[in-house]
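To start, the structure under review is shown below, and the notes come after it.
Chains as they are written, first to last, in my numbering: chain A, 330 to 461; chain B, 63 to 327.
Encoded structure:
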């Protein structure tokens with residue numbers, strides 16, 4: 330799992346676009362999309378790597394909070410936003426995915442205030458693993 | 063190990079090496095499984111890593127990591143030495159000794175989520191409950207997000223990893239001997255301290271039934287190690303406590319128990 334390769338590419342991409350770090354701009358969203366492609370390409374080798382999954386979650390989170398889909402669409406008029414350079418691998422095929430449900434309580438609940446109490450559904454699901 | 067998924071599917075899987083059980087914006091859990099015997103395909107959990115992610119919520123300003131390994135006592139804190147974090151103790155760890163081993167309960171209040179890590183004998187066990195919305199939301203993440211989204215708790219084990227309880231079990235113990243040990247009323251591991259005895263009396267482990275009895279028999283036939291009886295009992299207890307509705311969904315094993323009673327003498 331060569332996660333370091335994607336991290337290096339991310340740093341280089343930041344530098345080449347003259348960015349210091351995360352920010353709400355189309356340029357930074359472009360960095361995130363490049364990083365996403367790299368992450369997609371190593372996903373199978375990294376399936377069992379916790380750092381990979383953490384980085385991927387961060388990626389999704391950053392794309393969400395910076396509204397990258399909307400930002401890049403405005404910028405380029407295309408859904409994926411980033412103009413492709415020659416030789417760059419294409420984005421992975423997009424599969425239909427349900428939008429985040431409007432009843433999705435945890436994120437809103439997590440913003441709920443200093444008490445940080447949960448305000449969503451109390452319908453709980455269980456998962457367990459044991460034995461050999 | 064044996065897996066009960068969020069959807070209630072029950073599987074026995076190889077899943078050797080490191081595998082993600084859960085990964086959503088708030089929580090990631092990964093386990094590492096190793097073969098229980100040389101040459102055996104059956105594996106058991108030797109490491110559990112829990113990440114309570116700090117990036118997605120103001121309720122936690124940094125990611126808290128909990129790591130348990132089978133060759134050491136269960137830590138009673140996160141790896142940074144703390145046992146709580148966030149406003150109003152948004153995340154807490156509670157450690158408990160029991161007659162059957164030790165357990166750690168991680169509570170994440172702002173997502174109404176509980177994670178239990180147990181150490182029974184030489185191996186670890188895991189249980190979690192979390193809101194339906196969180197499960198169904200992260201199960202929708204797909205390839206367009208740059209991940210193949212493996213989460214054993216959500217999708218179950220890949221077909222290639224699923225084992226058959228009858229054909230893949232070992233033969234260290236006979237079926238009758240394994241069943242007799244699994245249905246026996248008493249534990250072979252008496253409490254060694256008053257604290258443990260107190261915890262034991264609170265624990266109230268009931269008889270093994272249903273799928274959990276089948277799993278216990280599989281484990282004992284495969285390894286001969288009676289620790290797995292305790293592991294099955296505590297896992298059964300966690301399931302009934304965290305998912306009371308599961309009792310009605312477990313397969314009726316009355317016939318097997320009758321045979322077991324006969325075999326036990």
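Glycine residues also receive a C-beta, built at the ideal position from the N, C-alpha and C atoms.
Judged by DSSP secondary structure, residue 158 (chain B) falls within the beta strand (DSSP E) whose first and last residues are 153-160. Between the stretch 71-90 of chain B and the stretch 215-233 of chain B there are three or more inter-stretch CB-CB distances shorter than 8 angstroms, so the stretches are counted as touching.
When the beta-carbon positions are compared, residue 193 (chain B) and residue 446 (chain A) stay at least 8 angstroms from each other. In this model, residue 219 (chain B) and residue 182 (chain B) are separated by some 23 angstroms (Cα to Cα). Taking every protein chain shown into account, the CB of residue 369 (chain A) has 16 or more other CB atoms within 10 angstroms, so this residue is buried.
The beta carbons of residue 455 (chain A) and residue 283 (chain B) sit no closer together than 8 angstroms. Residue 106 (chain B) is bridged by DSSP to B:96. Segment contact: the stretch 228-240 of chain B against the stretch 273-293 of chain B, three or more CB-CB distances shorter than 8 angstroms; contact assigned.
Using a Cβ-Cβ distance cut-off of 8 angstroms, the stretch 145-165 of chain B and the stretch 91-109 of chain B are not in contact, since fewer than three pairs of beta carbons, one from each stretch, lie closer than that value. Taking the Cβ atoms as the reference, residue 460 (chain A) lies roughly 7 angstroms from residue 106 (chain B), within the contact range of under 8 angstroms.
Between the alpha carbons of residue 118 (chain B) and residue 196 (chain B) lies a gap of roughly 13 angstroms. With a threshold of 8 angstroms between beta carbons, residue 446 (chain A) makes contact with chain B. Shown here, residue 146 (chain B) sits in a strand according to DSSP, grouped into three states.
Within the DSSP secondary-structure output, residue 90 (chain B) pairs in a beta bridge with B:85 and B:113. Taken through DSSP and simplified to helix, strand or coil, residue 335 (chain A) comes out as helix. By the beta-carbon neighbour count (other beta carbons within 10 angstroms, threshold 16), residue 342 (chain A) is buried. In this structure, DSSP gives residue 242 (chain B) a helical state, which the three-state scheme calls helix. The beta carbon of residue 132 (chain B) sits closer than 6 angstroms to the beta carbons of 108, 184, 185 and 186 from its chain, once the five residues preceding and following it are set aside; these are given in chain order. Burial is judged here by how many other beta carbons sit within 10 angstroms of a residue's own beta carbon; residue 247 (chain B) has fewer than 16 and is exposed. At the C-beta level, residue 384 (chain A) and residue 332 (chain A) come within 8 angstroms of one another. The C-alpha of residue 68 (chain B) is placed about 24 angstroms away from the C-alpha of residue 375 (chain A). Contacts with chain B at 8 angstroms (Cβ-Cβ) do not include residue 337 (chain A).
With a cutoff of 8 angstroms on beta-carbon distance, residue 89 (chain B) and residue 113 (chain B) are scored as near each other. Per the C-alpha coordinates, the member of B:242, B:214, B:306 and B:239 positioned closest to residue 377 (chain A) is B:214. The beta carbon of residue 116 (chain B) lies closer than 8 angstroms to those of 122, 123, 124, 125 and 126 in the same chain, with the five residues before and after it left out.
DSSP places residue 460 (chain A) in the coil class of the three-state scheme, outside both helix and strand.
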